[in-house]
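For reference, the structure is listed below as structure tokens.
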Amino acid sequence: MSTLIRSASLTNFTEIAQQCGLEPLTLVRAVGLPAKCLSDPDLKIDTNAVVRLLEMAAREAAEPAFGLRMGESRRLSNLGPLGLLLRDEPTLRHALDAIVRHIRVHNEALVIRIEEADTLVLIREEFAMDLSESRRQAAELAMAVTYRILSLFMGAAWRPRLVCFSHAAPANRATHHRVFGDQVAFNHEFNGLMCSQSDLDQPNPSADPVMARYAQELVASKAVDAPSFTHQVQQLILLLLPLGQCTADVVAQHLGCDRRTITRRLAAEDNGFHQLVDDHRRRIVGQYLQDKSRPLAQVSSLLGFSAPSAFSRWYRDQFDARARDA
Numbered sequence: 017m018s019t020l021i022r023s024a025s026l027t028n029f030t031e032i033a034q035q036c037g038l039e040p041l042t043l044v045r046a047v048g049l050p051a052k053c054l055s056d057p058d059l060k061i062d063t064n065a066v067v068r069l070l071e072m073a074a075r076e077a078a079e080p081a082f083g084l085r086m087g088e089s090r091r092l093s094n095l096g097p098l099g100l101l102l103r104d105e106p107t108l109r110h111a112l113d114a115i116v117r118h119i120r121v122h123n124e125a126l127v128i129r130i131e132e133a134d135t136l137v138l139i140r141e142e143f144a145m146d147l148s149e150s151r152r153q154a155a156e157l158a159m160a161v162t163y164r165i166l167s168l169f170m171g172a173a174w175r176p177r178l179v180c181f182s183h184a185a186p187a188n189r190a191t192h193h194r195v196f197g198d199q200v201a202f203n204h205e206f207n208g209l210m211c212s213q214s215d216l217d218q219p220n221p222s223a224d225p226v227m228a229r230y231a232q233e234l235v236a237s238k239a240v241d242a243p244s245f246t247h248q249v250q251q252l253i254l255l256l257l258p259l260g261q262c263t264a265d266v267v268a269q270h271l272g273c274d275r276r277t278i279t280r281r282l283a284a285e286d287n288g289f290h291q292l293v294d295d296h297r298r299r300i301v302g303q304y305l306q307d308k309s310r311p312l313a314q315v316s317s318l319l320g321f322s323a324p325s326a327f328s329r330w331y332r333d334q335f336d337a338r339a340r341d342a
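To convert, count from 1 in the sequence shown and add 16; that's my numbering.
As structure tokens, then:
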């Protein structure tokens, strides 16, 4: 699935690249992006190319926190029209709801889900895209931007209960702790940020309901086409698979329909549920297996298999090889 993102996502790329001794334009051209993406924040560019650019820059600079450094000083204005809307939302809860509803105006690949349980709130973030390579830098950049938004409502001294990433920890976590605080976890089932439920009701003293209405109209005018039914199912597979909840029945519940409707609507788009699940597994299994610190039992669980033996059989069927030899 080809997706686009505003080139404002590359805010601070030039500065961080130069600090690391890199030539920004050379890197941008190497992934096929136009030079204009470093100067025009509203240019729509390929999300896959942006992800590859960030990974390349981090690798050549030997800076595992490259994306995080790009995101730690972001402002609402970097989100364009969406940032204008967030600025005048009455509470953090309203702002997060607006992000979930309208994130495609800024980034068509980012999937955000808000889950509340007891006194806690989990903000999950994943990328729905056809890319088998690492998305580590993009994940940390996106999380830093979300953290910055929350901090604007909560104050500079606020810290989340937990920030978690699905990738392995870097050798040096100093930048992560400086940005997020001490509660940062790696090799987690998903990328997410946890805060207190009471944080969501934090009022925005500068909110202007009239300006919010104008901003809402502006965001609506920038709306992109709604995702296809297949894409909606793919987004839910992305979120539910590592939790062991990725069944057609559960996906149907999230979409407000029944299993037969899922089957019928996917068939109308020449797709099937199990086919989409396997497509997603094939895309991400390589990332998990590259991390040698992650046991096969955990990889099996993250891919939604009931047991490591089931994962091993699936891997052999798909790639005619043993997972442990990957």
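Think of the CB as a built atom: it goes at the ideal place given N, C-alpha and C, for glycine as much as any other residue.
Integer-rounded CB distance, given that residue j should sit under 8 Å from residue i
i	j	result
D104	M210	That belief does not hold up - the Cβ atoms of D104 and M210 are roughly 26 Å apart, past 8 Å.
A73	L26	That belief does not hold up - the Cβ atoms of A73 and L26 are roughly 10 Å apart, past 8 Å.
L264	R275	In the sequence on display, residue 264 carries Ala and not Leu. A264 to R275, Cβ: 5 Å. Contact.
P97	L319	About 37 Å separates the two Cβ atoms, so there is no contact after all.
L20	G87	Actually they are not in contact, since the Cβ atoms of L20 and G87 sit about 19 Å apart, beyond 8 Å.
T30	L54	6 Å
R151	V47	At roughly 14 Å, the Cβ-Cβ gap does not stay under 8 Å, so R151 and V47 are not in contact.
Q153	L70	4 Å
E132	L255	E132 to L255, Cβ: 15 Å. No contact.
A342	F327	So it is not a contact: roughly 12 Å between Cβ atoms.
Where the alpha helix (DSSP H) containing residue i begins and where it ends
i	result
G87	F82 to G87
A158	R152 to M170
R276	R275 to A284
V293	F289 to Q306
E31	F29 to Q35
For residue i, the three-state DSSP class (helix, strand or coil)
i	result
N94	helix
T19	coil
R338	coil
T107	strand
K60	strand
V47	coil
A24	helix
A313	helix
A187	coil
A347	Only positions 17 to 342 of the chain appear in this structure, which leaves residue 347 out of reach.
A201	strand
Residue range of the beta strand (DSSP E) that includes residue i
i	result
E142	L136 to F143
L178	L178 to C180
R129	L126 to A133
Residue of the options minimising C-alpha distance to residue i
i	options	result
P221	P176, L108, A185 and G320	L108
L112	G87, M72 and S167	S167
F206	R140, F196 and L98	R140
G272	V200, L255 and V249	V249
S214	D56, R177 and I278	R177
F181	L84, D241 and I32	L84
R120	R299, Q306 and V240	V240
R22	L43, T63 and E31	T63
S321	A33, L257 and T135	First, the amino acid is wrong: residue 321 is Phe here, not Ser. Comparing Cα-Cα distances from F321 to each of A33, L257 and T135, the minimum goes to L257.
A144	Q35, N287, S237 and A125	A125
S89	A172, D295 and A184	A172
R129	T135, V179, H122 and R117	R117
Q35	S309, F82 and K308	F82
F335	R298, H193, L259 and S309	R298
A160	A133, F196, R332 and A184	F196
F245	D333, H270, P80 and D224	H270
S93	Y163, P225, A339 and A24	A24
G260	A323, A201, P219 and N287	A323
S237	I32, S316, A65 and L101	L101
A190	V127, E79 and Q251	E79
S18	H247, L69 and I278	H247
D295	R164, S317, W330 and D307	W330
P243	P57, I32, V127 and A77	V127
K308	A155, N287, A185 and D224	A185
T162	L136, G208 and N287	G208
D217	V293, H192, H110 and H290	H110
E149	N188, V301 and L255	V301
V267	D58, V293, A284 and D286	V293
K60	T42, L43, L95 and E285	L95
Y230	T42, G99 and L41	G99
I253	G288, A283 and P219	G288
Chain C contact for residue i (CB, 8 Å cutoff)
i	result
S328	Although the question refers to chain C, the structure presented lacks it and comprises just one protein chain.
- Task: Any chance you could list the alpha helix (DSSP H) runs of at least 4 consecutive residues sitting entirely within the region 207 to 286, in chain order?
- Result: 225 to 237, 245 to 256, 264 to 271 and 275 to 284
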